[in-house]
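J.: Going by UniProt numbering, the first residue of the sequence shown is number 1, and it counts up by one from there. Glycine included, every Cβ here is placed at the ideal spot set by N, Cα and C. Computed from a predicted model, the values in this text were never measured in an experiment.
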Amino acid sequence: MTWIIAGILLLLTSIFGFALFVSISLGGENQFESGMSSEGAGGTAQVSPEVLRYEPLIRKYAEENGISEFVGLIMALIQQESGGRLLDVMQSSESIGLLPGAITDPEYSIQIGVKYFAEVMKQAKGDINLALQSYNFGNGFIGYALERGGYSKEIATQFSSMMAAKEGWSRYGDVNYVEHVMRYYNSGNGSVVVVGDGTQSFNVEEVHNIMKEYLGRPYVWGGRTPAAGGFDCSGLLEYAFAQIGIDMYGTAQSQYNKTNPVPEDQIRPGDFVFFSTYKPGASHVGMYVGNGQFINANSSGGTSYSSVEEWKNLYPFLGFRRI
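(1) Please determine if the stretch 98-108 and the stretch 119-129 are in contact, where contact requires at least 3 C-beta pairs separated by less than 8 Å.
(2) For T259, does the count of other Cβ atoms within 10 angstroms reach 16, so buried, or fall short, so exposed?
(3) So for F272, helix, strand or coil by DSSP?
(4) Just to confirm the assignment, what range does the beta strand (DSSP E) spanning S304 have?
(5) What is the rounded straight-line gap between the Cα of L52 and the Cα of M75?
(6) Going by beta carbon distance, what residues of the same chain come within less than 6 Å of Y249, once the five residues before and after it are set aside?
(7) So, under 8 Å CB-CB, S276 and P316 are touching, yes? Tell me the CB distance rounded to an integer number of Å.
(8) Does the Cβ-Cβ distance between G101 and S93 come in under 8 Å?
(9) With DSSP collapsed to three states, give me the class of M248.
(10) Nearest by alpha-carbon distance to I267: which of G319, T303, A62 is it?
(11) So, with DSSP's three-state summary, where would you put M163?
(12) In three-state DSSP terms, what is P261?
(13) Taking its Cβ as the centre, do 16 or more other Cβ atoms sit within 10 Å of G216, making it buried, or is it exposed?
(14) If the criterion is Cβ atoms closer than 8 Å, does the pair M287 and M163 meet it?
(15) Mind reading off the beta-carbon distance from Q293 to H180? Whole number of angstroms is fine, and I expect it under 8 Å.
(16) With distance defined between alpha-carbon atoms, name the residue in L98, I323, V178 nearest to residue 377.
(17) Indicate whether E119 and N139 have their beta-carbon atoms separated by less than 8 Å.
(18) Checking the sheet assignment: what are the DSSP bridge partners for M287?
(19) For a test of the three-state rule: what should DSSP assign to L318, helix, strand or coil?
(20) If you run the structure through DSSP and keep just helix, strand and coil, what is L9?
(21) For my contact list, Y184 and Q46 are in at a C-beta cut-off of 8 Å; report their separation, rounded to the angstrom.
(22) Three-state secondary structure (DSSP) at Q243?
(23) So, are the CB atoms of V71 and S82 less than 8 Å apart?
(24) Strictly by DSSP, which residues pair up with G219?
(25) What residue does the alpha helix (DSSP H) around R148 start on, and which one ends it?
(26) Provide the residue span of the alpha helix (DSSP H) that contains A62, from first to last.
(27) Looking only at its own chain, which residues have a Cβ that is under 7 Å from the Cβ of residue 325, when we skip the five neighbours before and after it?
(28) Which residues does DSSP pair with Y185 in a beta bridge?
(29) Should R224 be labelled buried (16 or more other beta-carbon atoms within 10 Å of its own) or exposed?
(30) Roughly how many whole angstroms lie between the Cα atoms of F98 and M121?
(31) Can you check which of these residues, G66, E205, I323, is closest to Y116 by C-alpha distance?
(32) I'd like the span of the alpha helix (DSSP H) that includes A118, first residue to last.
Structure follows, in structure tokens:
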């Protein structure tokens with residue numbers, strides 16, 4: 001009898017070990033399936049490993065704020081905000097009155113960001129699109145939208161134009177924020193974008209044509225719009241992509257952090273090219289256009305085309321990266 005019992009225990013141990021192996025193997029994919037059940041919320045977030053590592057913290061603070069059903073959606077939001085590569089993971093510092101990127105503790109960023117998302121979700125009366133857009137615009141957009149029948153892309157564009165004029169800025173927020181988050185999230189049976197799979201979610205020729213309009217313009221440190229008389233390197237890309245609704249706001253280093261590495265033998269037009277010029281890290285950026293050339297704004301030629309190989313001989317090369 002003893003040997004029979006021992007045999008049964010050995011068999012059960014083997015089965016458990018195999019099941020654990022399968023579970024770990026499947027868990028290695030960069031896909032997090034949420035346990036959501038409410039209409040419009042249940043689905044799958046497709047995110048990078050850098051975002052996936054924060055899932056336990058996201059779940060912890062989502063549960064604290066009573067929105068555990070939105071864990072997957074929050075992960076998609078983080079993929080858009082930082083790709084999990086910045087310390088201010090949810091870019092939530094502005095929601096508590098600090099400068100952008102001021103938070104340097106990822107957990108604190110998630111704590112504040114999840115709490116703020118819970119607040120806008122409640123104020124938006126459960127409208128996911130309105131809550132997402134308000135996370136980007138600020139909760140002042142909620143009342144504006146509700147007074148006009150609720151969220152729509154048109155209402156978001158009107159609000160952005162109004163606030164930009166009021167603040168004297170060239171633009172206000174990302175009017176395409178909902179689409180930009182939802183491309184990483186599937187609320188039904190449709191497909192989602194796999195981060196880093198080589199998919200470019202923009203028309204390269206359209207962006208290139210926008211940049212070409214400013215060929216010959218002088219280099220202007222801090223230039224972010226044509227009104228400045230010229231651009232700096234990151235400003236040129238920021239402006240061009242903003243015209244097609246893609247938020248590439250920030251310095252060359254910020255744009256480096258928002259993009260994914262691409263092997264040099266797989267590059268294609270539309271990829272970003274980065275160099276370290278006057279300081280460590282990414283301090284110069286341009287967009288690859290093919291034939292070894294990239295379009296950029298630099299201090300010697302203004303907005304112009306440059307040779308990747310020539311720049312490699314001048315400055316440390318940080319590689320090609322892709323949206």
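T.: Well, looking at it:
(1) The way I'd put it, the stretch 98-108 doesn't touch the stretch 119-129; fewer than three beta-carbon pairs between them come closer than 8 Å.
(2) buried
(3) strand
(4) 302-307
(5) 8 Å
(6) Taken in chain order, the residues that qualify are E238.
(7) 4 Å
(8) yes
(9) coil
(10) G319
(11) DSSP, read as helix, strand or coil, puts M163 in helix.
(12) It is a strand residue.
(13) exposed
(14) no
(15) Not confirmed; about 29 Å, so no contact.
(16) The structure shown does not extend to residue 377, since the chain is modelled only from 1 through 323, so no value can be given for it.
(17) yes
(18) F272, I295
(19) DSSP places L318 in the strand class (E or B) of the three-state scheme.
(20) Unreliable positioning characterises L9 in this predicted model, as indicated by a pLDDT of 44, which lies under 50. The coordinate reading is nonetheless provided below. It is helical.
(21) Confirmed, Cβ separation roughly 6 Å.
(22) coil
(23) Taking C-beta atoms as the reference points, V71 and S82 fail to come closer than 8 Å.
(24) Residue identity check: residue 219 is Tyr in the sequence provided, not Gly. DSSP, once it has assigned bridges, lists F231 as partnering Y219.
(25) Careful: R148 lies outside any alpha helix (DSSP H) and carries neither H nor E.
(26) 55-64
(27) Within the shown structure, residues of the chain are numbered from 1 to 323, placing residue 325 beyond reach of any answer.
(28) A45
(29) buried
(30) Looking at the sequence itself, residue 98 is Leu, so the reference to Phe does not match. Roughly 22 Å between the two C-alpha positions.
(31) G66
(32) 106-123
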